[in-house]
Every structure is written in C-alpha cells, then in structure tokens.
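Residue 342 in the working numbering sits at position 99 of the sequence shown, with consecutive numbering throughout. Positions of the beta carbon are idealized from the N, C-alpha and C atoms, including for glycine. Okay, structure first, notes after.
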Amino acid sequence: MTRLGDLERAVMDVLWDLVPGTSDGVTVREVADALDGRELAYTTVMTVLDRLAGKGMVQREREGRAWRYRAAASREAHIAQLMLDALDLGGSRDAALVRFARSVTGTEAEVLRAALSAEAGLTGSGPAEREAGLTDRVDGPRAGRSALADEATEG
244 MTRLGDLERA VMDVLWDLVP GTSDGVTVRE VADALDGREL AYTTVMTVLD
294 RLAGKGMVQR EREGRAWRYR AAASREAHIA QLMLDALDLG GSRDAALVRF
344 ARSVTGTEAE VLRAALSAEA GLTGSGPAER EAGLTDRVDG PRAGRSALAD
394 EATEG
C-alpha cells in the first residue's frame, strides 16, 4: 500500500469523516467545500480523487455527468494495513511486534489483549470487544489478502 500525500490524506479525511459507509458518496464540489482553509481549485480536488480511485482508496459511481466518491475502506482498515505493511519492511517481524507492544499504553494493551483473545476464540465478541470496535476482523498477510481488500468487498 502506498502512503498518502498531504492533500490525499486531507481528501480521505473528508471522505472518512463525512461519508457513512451506506452513503452514495459525495461530489468533487462537496469534497472541495469540506476542505476548509485550503484554497484549492475544483480541478485539483478532482485530480486527487481520480488518483485515489486509481490507487483503490476510493470508489466512485457515475451520477449524471458527475462522479460520487466514497472511501473504499474505513480509516481503521487503512491504518491496520499500513501497520502490516510496515512489518513487511524487513528485519524481524517478531522484534518489531514486541517493541510495539512495549510502547503502547495500558489501555491500548488491554484492547490488544481483548482482540487477541477474541481472535483465538477465547472470549467471543462480548461487550468489551464491541465497545473497543473489535468485532471487525482484519486479516493479515498470512491470509493472503489485504485488510482493505477484505473491507472493500464487504461494503
């Protein structure tokens, strides 16, 4: 997965924040209007959305002469995929995971423990997992598919 540039990230933030997963999406004009504080030409926003569609980050659907855009996957799925990609950069995956685990806060560690327990089938999907948003599964590289691909096919 490629990292997003500053403007691409700003556009994705608009899509993630304004467009619910069940929505028909937003137009280029709506995205441009939501990019507060940026003096961007309509064509610039259109180009960024087109590039994001080419990268598989957004889905678009024709509506008359215009396109409607929505994120192909959630922000959380994107971040999870970035983390998995970072583990593939080289070196020891195990060492990187241990270092990461040691760097999280107590609350974050509890969320990780609950997710790992749920994944192992030890606790199911109880209230703690639902509250932490852990009922959505993110498959890692061992499954041969990306989290974004999984989520894009669900919606």
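Supposed close pair residue i, residue j - CB separation, criterion 8 Å
i           : j           : result
residue 314 : residue 303 : That pair is no contact at about 11 Å.
Cutoff 6 Å; reference residue i; Cβ partners in own chain excluding five residues on either side
i           : result
residue 267 : 311
residue 340 : none
Own chain residues within Cβ distance below 7 Å of residue i, not counting five before or after
i           : result
residue 291 : 250, 251, 254
residue 247 : 255
Proximity test, Cβ basis, 9 Å: residue i and chain C
i           : result
residue 321 : The structure shown contains no chain C, having only a single protein chain.
Buried or exposed (CB count within 10 angstroms, at least 16 for buried), residue i
i           : result
residue 274 : buried
residue 269 : buried
residue 346 : exposed
residue 335 : exposed
residue 359 : exposed
residue 316 : buried
residue 228 : A query on residue 228 cannot be resolved here, the shown segment of the chain reaching from 244 to 398 and no further.
Legend entry - Secondary structure, alpha helix (DSSP H): runs of 4+ residues fully inside the segment 290-354: 318-330, 336-346
Inset, instruction - Please go through the segment 246-287 and give each complete alpha helix (DSSP H) segment of 4 or more residues, from N-terminal end onward. - result: 249-261, 271-277
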